[in-house]
Each structure stands twice: as C-alpha cells, then as structure tokens.
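S.K.: Chains as they are written, first to last, in this note's numbering: chain A, 25 to 213; chain B, 25 to 213. One structure follows; several queries about it will come next.
Number of protein chains: 2
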Amino acid sequence: MRAQRRNSREKILAAAADVARESGPGSLSLDAVASRAGVSKGGLLYNFPTKAKLMQGLVEGYLRDFEQALETANSNDDGKNPLAVYIRLSADDCEEKRPSASWIFSAIAEDPDFMTPIKTFKRQLFERLKGETSDLKSLLVCYLAIEGLRSMNLFDSDVLSKDERELLVASLLEIASSPDAHQASGTQS
Amino acid sequence: MRAQRRNSREKILAAAADVARESGPGSLSLDAVASRAGVSKGGLLYNFPTKAKLMQGLVEGYLRDFEQALETANSNDDGKNPLAVYIRLSADDCEEKRPSASWIFSAIAEDPDFMTPIKTFKRQLFERLKGETSDLKSLLVCYLAIEGLRSMNLFDSDVLSKDERELLVASLLEIASSPDAHQASGTQS
DNA sequence: TTTACTGTACCGTCTGGACGGTCTTGTCAA
DNA sequence: TTGACAAGACCGTCCAGACGGTACAGTAAA
C-alpha cells in the first residue's frame, strides 16, 4: 500500500490544483497538499523539495499540456486555420465549469515571477498566430476575446449564458475565417 | 505630525494597493501596509478592524471609482453609444503601465468571496450593456475583448504593441457602432 | 542495496489581531 | 476665558498560531 512508486508527482500536482480550487488559493499549504494527495509531508518534500518547486511543477505541467493539446488539435485540422483551431480549443477549455488553473493565484501570491514562463509562452503563441493569420485586425479581436473568455473562466465569473457563449464562439470563428470584412451585420447566424 | 485625521482611510487604501503591486500580492501584510501608509499598525486596525475589512474597502473603492468614471464618461458622450463609451474607458484604464488592481490577487488569496461584489457588478454592467446595444454579436465580441485587455493588464503580460492596441480599439469601436439602429426601442429605463 | 517513500519531532519566522496607553479635539458649565 | 471631561484617532507591544522547512529513523518494494 505504501510505496506508490513513480506517479506520486502527478498525484501531488493534481492534489495541489484541487486544494487551490476548493480551499481557496490562499490555503494552499504543504500540509494540505500532502494530506490531499495521500502522501506524507516528508514524501511531498521528497518529490518537491520546496514550495516553489511545487509551483514550478504546476506551471510546467500546465504549459506542457496546453502545448500538446494545441499541437494535436492543429495536426487534426491541418493547415487550414490555426487561429480557428486556437479559438475552438480555448472555448472548449473554458467550457469546463471548474477553473482548470486557479492554482495560478496561489503561484502569483507566492511569487509573481512564476508568471514569467506563462507570459513568454503566451507571447510566443501570439507571435506564431500573427505569422499564420492574414488579417491582423481579426487576430487581435479574436485573440483578445479568447483571452477574455479565459479570464472569466479563471475568475469563475461567467457572465454569459450557454447560448451567448456559443454565439460568441461562432462570431469569433466567423471573424477568424473571413479576412477583411468582419462587419457581420447582414448575414444571419 | 501624528494626527492625520480623516483621510487616513484613503491613504491606507492607496498604500495597500501600492504594496500589493510592488511587493507582490502575497506580501500584503498589515505591517507592510501600515508602514507604507505612514501609520502605525494600531492606527491601521483602528480604521480597518480586520484584514478582511481592508480588502472590502479596496473592493468597494474600486467599484465606486469605476462606476463613477463610467457615469461621467456616459454623460459626456450622452446617449450615443454606451458600448463605445465602455470600450474607450476600459482601453484608457488598461493603457496604464501599472496594473491598477493587482491587489485583487491578494483579496482572492485571502478569501475568494471577495470577488462576489465584483462579479455581480460585472454581471449588472453586462446586462445593462445588453439592454443598450442593438447587436448582441457585436456586444459579445467587444465585451469579451475588453475583458481580455483587462486580464492582460492585470497579469501585467501585455503582448500587444502600442500600434496593435490602437488598432484593436479602433476595430472594436468599429464593431460597436453597428449599422442597424432599429431595435433600440425604449432604451431608457 | 538502492529507491521511494512514511511518520514524527522540531525550529525559526511571520502574521493577524488583541490590548492598554497616549495625544488631540470638541463641548460645556462656571 | 478657562478648566474638566468625553470621545475620537492613533501608537507600541505582545502573543498564539500557522507555515515552510529540516532532520532522522524506519520500511517495503525493485
């Protein structure tokens, strides 16, 4: 029963995310994470020698997962429209009722520098999209709107109804696919 | 030198925001705020009996200021286009290099419930805009994009260049000034 | 034997907050 | 005008508790 071997890391990471979501970002203590993960505090510190390392693990896992999801989504819908793929993927992410990354608040509270990897990731992503999208205006509007959706999900303050969210995503996809006139007035949805 | 009388509250609130921005949201301790505000800890606790009350004061002040700014902006540009007014106001807010509300992270870390007033405020704002905007699609896209801009500013991860931001705002204003104005029956309450 | 833990005991630091004291200002009777 | 007194605004100290982290002995699988 004892030695869980190997996958303790993942369990700890998941437990940390759970604790942050359920007990609030300020209550992410090592003790709480350890007991939630079914691991002793010693065991936790064995896998992550400091709290900062734990946070770092959270960030890296998040970025890795996201990049991977984006890659597979892009290869499935190959070459057609990377912006549209990004919109769909993000919209699906934000569909989840439970904010997937509320541990970010814990990380920021711990040390704002934990955001830098995320920032650079986002910057690279944006630059890539800029290179792959013909119309800058469309990109800006869509990217920012998705960022807004993400923000809402993160803060757990979903103002939109299901219909509205679907309409939004449809509008964004429309804007993303029509380079030039995004004055979508005449065409009914 | 001692008795600052009366405006200590404002000074403390400003100091708290400064500390949160400069020392990181996790380092917002009462001692730090007190020393920053040029007030003793006892004096701080006199004005705000608990840390929670301090946070509450921060939230209320923020909401009050924002509502006021929105009101004056709307009365200056009367009746024309509330969505456009909101866009312009928010864009100006986000122009500031220093995130105006990074104390929010402190508040969330302290207790996620501090977000509820902000959430309800945003919900009301959105509903109001919905009542005042003819085209739902335009509203959704613009509102979310602004939310994205806010998010970026808050996280201090500005991906956009100055030109890009201006182009974005221009695009949003263009979208906001939707061509069909018939649907606006009884916009006033 | 090594790896991967468990469990316990412990330490130093930091933090919110309670408490009692102090200075300032306003009020009002004499 | 003055002196007594109350209330308001603020200071400085102290403390219990929580937290991150260390140290170390034990244990079970590979």
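Virtual Cβ for every residue (Gly too), placed ideally from N, Cα, C.
1) In whole angstroms, what is the alpha-carbon distance linking B/D89 and B/S175?
2) Ignoring anything shorter than 4 residues, give me the alpha helix (DSSP H) runs that lie fully in the region 173-206 of chain A, in order along the chain.
3) To be precise: take each residue of the region 125-150 of chain B, compare its Cβ to all Cβ atoms of chain A, and keep it if any distance is under 8 Å. Which residues remain?
4) Please report the Cβ distance between B/L163 and B/L153, rounded to the nearest whole angstrom; I am assuming they are in contact, meaning their Cβ atoms lie under 8 Å.
5) Kindly indicate which residue of B/L82, B/L196, B/Y86 has the alpha-carbon position closest to the one of B/V165.
6) For a test of the three-state rule: what should DSSP assign to A/T140, helix, strand or coil?
7) Thinking C-alpha only, which one of B/L107, B/S59, B/D182, B/K146 is nearest B/E120?
8) Nearest to A/E134 by alpha carbon, out of A/S51, A/A39, A/R33?
9) Mind the definition here: the region 139-159 of chain A touches the region 43-57 of chain B only if three or more C-beta pairs lie below 8 Å; say whether that holds.
10) B/P73 versus chain A: which residues are under 9 Å apart at the beta carbon?
11) B/S201: which of B/S185, B/T157, B/K186 sits nearest, CA to CA?
12) Report the CB separation of B/L192 from A/L168 in whole angstroms; it is logged as a contact under 8 Å.
13) Assuming A/S32 and A/N71 form a contact by the criterion Cβ under 8 Å, report the distance between their Cβ atoms to the nearest whole angstrom.
14) Which residues mark the beginning and the end of the alpha helix (DSSP H) in which B/S47 is found?
15) Nearest chain B C-beta to A/D117 closer than 9 Å, yes or no?
16) Examine chain B for any beta-carbon lying closer than 9 Å to the beta-carbon of A/G48, and answer yes or no.
17) With H, G and I counted as helix, E and B as strand and the rest as coil, what does DSSP make of A/M25?
18) A/V63 by DSSP, collapsed to three states: which one?
19) Below 7 Å on C-beta distance, what does A/K161 contact in chain B?
20) From the DSSP output, in three-state form, read off A/Q212 for me.
21) Can B/G48 and A/P73 be called in contact, C-beta distance under 9 Å?
22) Can you pull the chain B residues whose beta carbon is under 7 Å from the beta carbon of A/M176, in chain order?
23) Mind checking whether A/L78 and A/L37 have CB atoms under 9 Å apart?
24) For B/S114 and B/I170, which I take to be in contact (beta-carbon distance under 8 Å), what is that distance rounded to the nearest angstrom?
25) Applying the criterion that 16 or more other CB atoms from any shown protein chain within 10 Å of the CB defines a buried residue, is B/S126 buried or exposed?
26) Kindly list, in the order they appear in chain A, the residues whose Cβ is closer than 8 Å to that of B/V165.
27) Skipping 5 residues on each side, what residues in its chain have a beta carbon closer than 6 Å to that of B/V43?
28) Tell me the start and end of each unbroken beta strand (DSSP E) in the region 78-161 of chain A that is at least 3 residues and wholly inside, in chain order.
29) Output needed in chain order: residues of the region 90-113 of chain B with a Cβ under 9 Å from some Cβ in chain A.
30) Taking only three categories from DSSP, how would you classify A/E54?
31) Does B/C151 pass the burial test, meaning 16 or more other C-beta atoms within 10 Å, or should it be called exposed?
32) Is the shortest distance between the beta-carbon of B/L54 and the beta-carbons of chain A less than 9 Å?
33) Please check if any C-beta of chain B sits within less than 9 Å of the C-beta of A/L184.
34) Check each candidate in A/Y110, A/A76, A/L160, A/L68 and name the one with the smallest Cα separation from A/Q92.
M.R.: To lay it out plainly:
1) For B/D89 and B/S175, the distance between alpha carbons rounds to 19 Å.
2) The region 173-206 of chain A contains these whole alpha helix (DSSP H) runs: 186-201.
3) Residues F129, S130, I132, A133, E134, D135, P136, M139, I142, K143, K146, R147, F150.
4) About 6 Å separates the two Cβ atoms, so the contact holds.
5) Answer by Cα proximity: B/L196.
6) Three-state result, A/T140: helix.
7) Of the candidates B/L107, B/S59, B/D182, B/K146, the one whose C-alpha sits nearest the C-alpha of B/E120 is B/D182.
8) Nearest C-alpha to A/E134: A/S51.
9) Put simply, the region 139-159 of chain A does not touch the region 43-57 of chain B. Fewer than three CB pairs are less than 8 Å apart.
10) Correct list: empty, because the minimum Cβ distance to chain A is about 20 Å.
11) Here the closest residue by C-alpha is B/T157.
12) The C-beta distance from B/L192 to A/L168 rounds to 6 Å, short enough to fall under 8 Å.
13) The pair is a contact, with the Cβ atoms about 6 Å apart (cut-off 8 Å).
14) First-last of the alpha helix (DSSP H) with B/S47: 32-47.
15) The Cβ of A/D117 sits no closer than 9 Å to any Cβ of chain B.
16) Yes - at least one Cβ of chain B is within 9 Å of the one on A/G48.
17) Because A/M25 sits at a pLDDT of 36, beneath the cut-off of 50, its placement in the model cannot be relied upon, and the point is left open.
18) Coil.
19) Neighbours of A/K161 on chain B, chain order: L191, S195.
20) Legend: pLDDT at A/Q212 = 38, less than 50; position of this residue unreliable, value from coordinates given subsequently. Reduced to three states, the DSSP call for A/Q212 is coil.
21) Not a contact, by the Cβ cut-off of 9 Å.
22) Near A/M176 (Cβ distances below 7 Å), the residues of chain B are E171.
23) In this structure, A/L37 lies closer than 9 Å to A/L78 by Cβ.
24) Indeed, because the Cβ distance is near 5 Å, the residues count as touching under 8 Å.
25) By the neighbour-count rule (16 or more Cβ atoms within 10 Å), B/S126 is buried.
26) Residues of chain A passing the Cβ test: V165, A169, L192, S195, L196, I199.
27) Its chain contains L52, A56, V57, R60 as the residues whose beta carbon lies nearer than 6 Å to that of B/V43, once the 5 sequence neighbours on both sides are disregarded; these appear in chain order.
28) Along the length of the region 78-161 of chain A, whole beta strand (DSSP E) runs at least 3 residues long do not occur.
29) Flagged: no residues at all.
30) Before going on, a small fix: residue 54 of chain A reads as Leu here, not Glu. Helix.
31) Residue identity check: residue 151 of chain B is Glu in the sequence provided, not Cys. It counts as exposed.
32) No, no contact with chain A.
33) By this cut-off, A/L184 is an interface position.
34) Checking every option, the nearest Cα to that of A/Q92 belongs to A/Y110.
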